[in-house]
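Working notes, structure below.
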Amino acid sequence: MRRTLSFLVVGAALGAVPAAAQDPDVHIVIRDVVKTVTARAYQGRTRNNGPEQTENFSRKVRVGRDGRVSISNVAGDIKVTGGSGDDMTIDAVKRTRGDRSELAAVQIIVDDRPGRVEVRTEYPNNWGYRNRNIDVSVDYTVVVPATATVDVKSISGTVTVTGIQGAVRAESISGTVRTSATPKLTAKTVSGDLELVSAPADSDLTATTISGNIRAKGLKVRSLELGSVSGDLTVTDIACDRLGVKSVSGNVEFAGTLGKGGRYDINSHSGSIRLALAGTTGFELNANSFSGSIRSDFPVTLGGSGDRNDRRRYGPGRATHAVFGDGSATLNIRTFSGDIIITKR
Amino acid sequence: MAAPKQRPPIPFPSKEAKVSQGATHADTDDLVTRCQAGDVDAFEMLYRQHAARIYTLACRMGGSVEDGEDLLQEIFLQAYRKIGSFKRDAAVGTWLYRLALNHCLDYVRSRQAKMSKLTETLDAETSFEPMARRETPIARMDLERALERLPEGCREAFVLHDVEGFDHKEVGELLGIAEGTSKSQVFKARAKLRALLRRN
Amino acid sequence: MHPNETAIHDYVDDVLELRERTELERHLAGCSQCRRLVDDLREIRKAFGGLKDDLREPPVRAWARLERAIRLESESRSTHNLQGRGGSRTAPTLSLRSMSWLGAAAVLILATVVGLQFRAGRRATPTSSTSTPGASVAAGDAAQAVEAELRAAEEHYTKAITGLEQITKTEQGALDPGTAATLQKNLAVIDQAISESRAALRTQPASEPAQESLMESFKAKIALLQDTVALINEMRKGNDAGAARIVSGLKPKGN
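Residue numbers (my numbering), protein chains in the order written: chain A, 59 to 403; chain B, 5 to 204; chain C, 230 to 484.
In structure tokens form, the structure reads like this:
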């Protein structure tokens, strides 16, 4: 089994070094670097229907407890777990149903610098021009120090990150992103789904998608920010100080207990917003919709008799303000045309 | 209204907020009483006395003048709703300031700007320029603009420490971070500002 | 060897212990680089420290907006209160909310308004008994100011959006068809939201939900376009125009 390993110094980073060297006291910690995806992707066609060929890759690199790790992939799954110690272990499996030689052409590059390791899958530049049909995917299983900063990116594969206390950035275009026990998270997809499964108490999680569905369940966090354009957002049994949910056409569902003093801002243009509230926490409700209906199990009067004359007198648009119990939690629910439905769970 | 569980009480800033000139203690007392009774004209007076201070803080913490204006609105609306619970154990200006700071911190922590500031590759020409900037004097504008360009995280710590005058321990309590983290955030902000202001 | 970052900043902040301070000053005497850093940091501290009392006046329209919101709230409170005096437009008294602060038993307080935050049109009616002539004029002006502000914001958003659209249109080839299709489809969703909000505002220019919807939709559109630009940049990095040809019909995992 041939192993392809190469060290590549990324050209862009070289440019940045002299400037930093002039100013030894300036520490710029890069948290939000948009990582380069230097790989191409392809579609396997009927030609590549043979038995699956695989090639294994294994590497252990020292990165340090405060190290920064980035992994970028095209097709295939990435699984990152937090562990103890200072080392990062990378296990990867290249797969193809085509010719075995294609495996060698796809390179796993480990760019290893003090305190920083970059792993990426590189496909050859010239494959497209030859119009070949290639189907090579690489699955990564990586263990990094639990306190490292992690940046993972994939185009079509699933990204799973577990148990990382440092800042985590997890992205996939069409694959699913799944995280648990990641207190500082920014997760993003285009069409893939997002699943936030568990998080420690002081977490700040952000997950955004364009058309994927987001599911956040069983979390106890400080703040949770979710956004989508057309994907649906489901939040179940979470405890948080601050929830922000936004969608354009995606539907929003929230089920669980409100936190005392918590603030919940949910906003959708045409998607419906459903809240199923359990427990007895008091809340102050500000619900507001241009043309959607507002329904509530909790006693709420929508302005007088609701007859046409009333509406003309008070102007169009529906707004509800109500206080239940001690009003400690704040619910700001707004839509343009989506319906707002609040029920007792 | 109970504050969120994890929020410790806000300490007094190391530099006390100025109350407007000419307002005696008795005047302010009376004003507060009238506000608590629902007197909107009295509330307007209170607004006139303290809005600039609150607006300035909101702009800096929020990172832009539009954010500042929205926050100003929300803060004073909240103040109107909650003034009934104001216990007069401190100056009303301090109470307002604490309310404002709380609100700004909430906003900053959860801001949706994360959705819109997704790419560093966006050209400056295509970014959205807020309107009111033309109205401010140049020298201060350079400082304010530099502030706005600080990344979130270190900006709030910097505003609280270097501008508002809280010490690192207080900043830590306000932002829910360790004192050491507050230090490193402030140092990082200073380094960035040094680079930003140098170019001008 | 240069002193570490913390020491330098602590020095500038005057919190270094005497011994460390002396050591550092000794180093500064012979190191121009660190001296420059210290000078710069001191200037920064001075400039920004002075900023605290350098106050910014809020825009004139801010009070008008706030006042409308407050009057709306206080009216709704006085028209629905537990004593059953519902419907009478009395001046706002001690609100029920502040009563509950006094430790009254938890009560279910209903204050519901069917209406807009900006009721400029209604306020302008001279026969309205609760509005003074001054207030209605101010409210009318303020409503116009709000609309002008909205139009200006629209202009700025549209400009930013057009710039971004130009980039994405010319460079779309860099994206694979699947991703490009998803982005296009969702852009259309947002565009629909924008046109619905605009249509709503044409019939009800003062509607706050409609105004908010328009602004939120603009923000969503900008975010989506920025995402698209970022994706394009990623796909093209280290590569040439051939990226799109290579990337064809990328199949998401599991489909």
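In this text, a Cβ means the ideal position worked out from N, Cα and C, and glycines have one as well. It should be emphasised that the depicted structure is a prediction, and the values quoted were computed from it without experimental measurement.
Tell whether a beta-carbon distance below 8 Å holds between residue i and residue j.
i, j, result
"Ala297 (chain A)", "Lys278 (chain A)", "yes"
"Asp209 (chain A)", "Val127 (chain A)", "yes"
"Gly143 (chain A)", "Thr220 (chain A)", "no"
"Ala62 (chain B)", "Leu76 (chain B)", "yes"
"Leu282 (chain A)", "Leu291 (chain A)", "no"
"Gly67 (chain B)", "Glu152 (chain B)", "yes"
"Phe382 (chain A)", "Gly337 (chain A)", "no"
"Val119 (chain A)", "Val168 (chain A)", "yes"
"Leu393 (chain C)", "Leu454 (chain C)", "yes"
"Thr218 (chain A)", "Lys137 (chain A)", "yes"
"Pro287 (chain C)", "Ala55 (chain B)", "yes"
"Ala334 (chain A)", "Arg236 (chain A)", "no"
What does the alpha-carbon distance come out to for the pair residue i and residue j?
i, j, result
"Phe191 (chain B)", "Phe170 (chain B)", "15 Å"
"Asn390 (chain A)", "Gly173 (chain A)", "44 Å"
"Ser288 (chain A)", "Ser269 (chain A)", "5 Å"
"Val255 (chain A)", "Glu168 (chain B)", "39 Å"
"Asp45 (chain B)", "Arg294 (chain C)", "14 Å"
"Gly319 (chain A)", "Ser386 (chain A)", "5 Å"
"Ser195 (chain A)", "Ala409 (chain C)", "22 Å"
"Thr140 (chain B)", "Leu201 (chain B)", "Unreliable placement is indicated for Thr140 (chain B), whose pLDDT of 31 sits below 50; the coordinate value is still reported in the next sentence. Straight-line Cα distance between these residues: approximately 18 Å."
"Ile399 (chain A)", "Asn415 (chain C)", "25 Å"
"Arg194 (chain B)", "Arg158 (chain A)", "54 Å"
"Asn325 (chain A)", "Asn462 (chain C)", "30 Å"
"Thr457 (chain C)", "Ile423 (chain C)", "19 Å"
"Val177 (chain A)", "Arg227 (chain A)", "15 Å"
"Ala276 (chain C)", "Arg113 (chain B)", "26 Å"
"Arg138 (chain B)", "Asp146 (chain B)", "Since pLDDT at Arg138 (chain B) reaches only 28, below the 50 mark, its modelled position is unreliable, and no value is offered."
"Asp268 (chain C)", "Lys196 (chain B)", "15 Å"
"Asp166 (chain B)", "Arg274 (chain C)", "6 Å"
"Leu247 (chain C)", "Val201 (chain A)", "45 Å"
"Ile79 (chain B)", "Ala428 (chain C)", "31 Å"
"Asp323 (chain A)", "Gly329 (chain A)", "15 Å"
Under 8 Å between C-beta atoms, does residue i make it to chain C?
i, result
"Lys173 (chain B)", "no"
"Tyr51 (chain B)", "yes"
"Arg321 (chain A)", "no"
"Ile268 (chain A)", "yes"
"Leu76 (chain B)", "yes"
"His354 (chain A)", "The question names His, but residue 354 (chain A) in the sequence shown is Ser. Not closer than 8 Å to any Cβ of chain C, the Cβ of Ser354 (chain A) fails to qualify, so no."
"Thr185 (chain B)", "no"
Comparing the C-beta of residue i with each C-beta of chain B, is any distance below 8 Å?
i, result
"Ser230 (chain A)", "no"
"Arg285 (chain C)", "yes"
"Leu270 (chain C)", "yes"
"His231 (chain C)", "no"
"Glu383 (chain C)", "no"
"Asp262 (chain A)", "yes"
"His256 (chain C)", "no"
"Pro406 (chain C)", "no"
Name the chain C residues that come within less than 7 Å of residue i, Cβ to Cβ?
i, result
"Phe348 (chain A)", "Ala429, Ser436, Pro438, Ala439, Ser442"
"Cys39 (chain B)", "Neighbours of Cys39 (chain B) on chain C: none; closest Cβ ~11 Å, over 7 Å."
"Glu261 (chain B)", "Nothing can be reported for residue 261 (chain B): it is not among the residues displayed for chain B, which extend from 5 to 204."
Got a sec: is the Cβ-Cβ distance from residue i to anything in chain A below 8 Å?
i, result
"Arg206 (chain B)", "This structure cannot speak to residue 206 (chain B), because chain B is shown only from 5 to 204."
"Glu246 (chain C)", "no"
"Ala409 (chain C)", "no"
For residue i, return the contacting residues in chain C, with the cut-off set at a CB-CB distance below 8 Å.
i, result
"Val44 (chain B)", "Glu296, Ile299, Arg300, Ser303, Pro321"
"Gln82 (chain B)", "What Gln82 (chain B) touches in chain C: nothing, since even the nearest Cβ is about 11 Å away."
"Gln189 (chain B)", "Near Gln189 (chain B) there are no residues of chain C at all, since even the closest Cβ is about 11 Å away, more than 8 Å."
Going along chain B, which residues have a C-beta under 8 Å from residue i?
i, result
"Ala273 (chain C)", "In the sequence on display, residue 273 (chain C) carries Ile and not Ala. By Cβ distance, chain B contributes Asp166, Arg194, Leu197, Arg198, Leu201."
"Ala291 (chain C)", "Ala55, Tyr59, Glu73, Leu76, Gln77"
Anything in chain B within Cβ reach of residue i, meaning under 9 Å, just list it in chain order.
i, result
"Arg174 (chain A)", "By Cβ distance, chain B contributes nothing, its closest Cβ being about 18 Å from Arg174 (chain A), past 9 Å."
Using a cut-off of 7 Å between C-beta atoms, extract the partners of residue i located in chain A.
i, result
"Asp110 (chain B)", "Arg300, Arg321"
"Arg102 (chain B)", "In chain order: nothing, as chain A lies at least about 15 Å away."
"Asp243 (chain C)", "The premise fails here: Asp243 (chain C) is roughly 18 Å from chain A at the closest Cβ pair, so nothing lies under 7 Å."
Closer than 9 Å by beta-carbon distance: list the chain D residues that pair up with residue i, in chain order.
i, result
"Gly169 (chain B)", "The chain labelled as chain D is not found among the protein chains of the depicted structure, namely A, B and C."
Under 9 Å between beta-carbons, which chain A residues line up against residue i? List them in chain order, please.
i, result
"Leu393 (chain C)", "Neighbours of Leu393 (chain C) on chain A: none; closest Cβ ~15 Å, over 9 Å."
Mind pulling the chain B residues with CB within less than 7 Å of residue i?
i, result
"Glu234 (chain C)", "Phe191"
Worksheet item: Would the region 262–280 of chain C and the region 232–252 of chain C be scored as touching if the rule is three or more Cβ pairs under 8 Å?
Response: Yes, since at least three Cβ pairs between the region 262–280 of chain C and the region 232–252 of chain C fall closer than 8 Å, the two stretches touch.
- Query: Is it a yes or a no for the region 155–170 of chain A touching the region 229–248 of chain A, going by three-plus beta-carbon pairs under 8 Å?
  - Reply: The way I'd put it, the region 155–170 of chain A doesn't touch the region 229–248 of chain A; fewer than three beta-carbon pairs between them come closer than 8 Å.
At least 3 beta-carbon pairs within less than 8 Å: the region 128–135 of chain A vs the region 211–225 of chain A: yes
Under 8 Å, with one C-beta from each stretch per pair, do the region 281–288 of chain C and the region 240–253 of chain C reach the 3-pair mark? no
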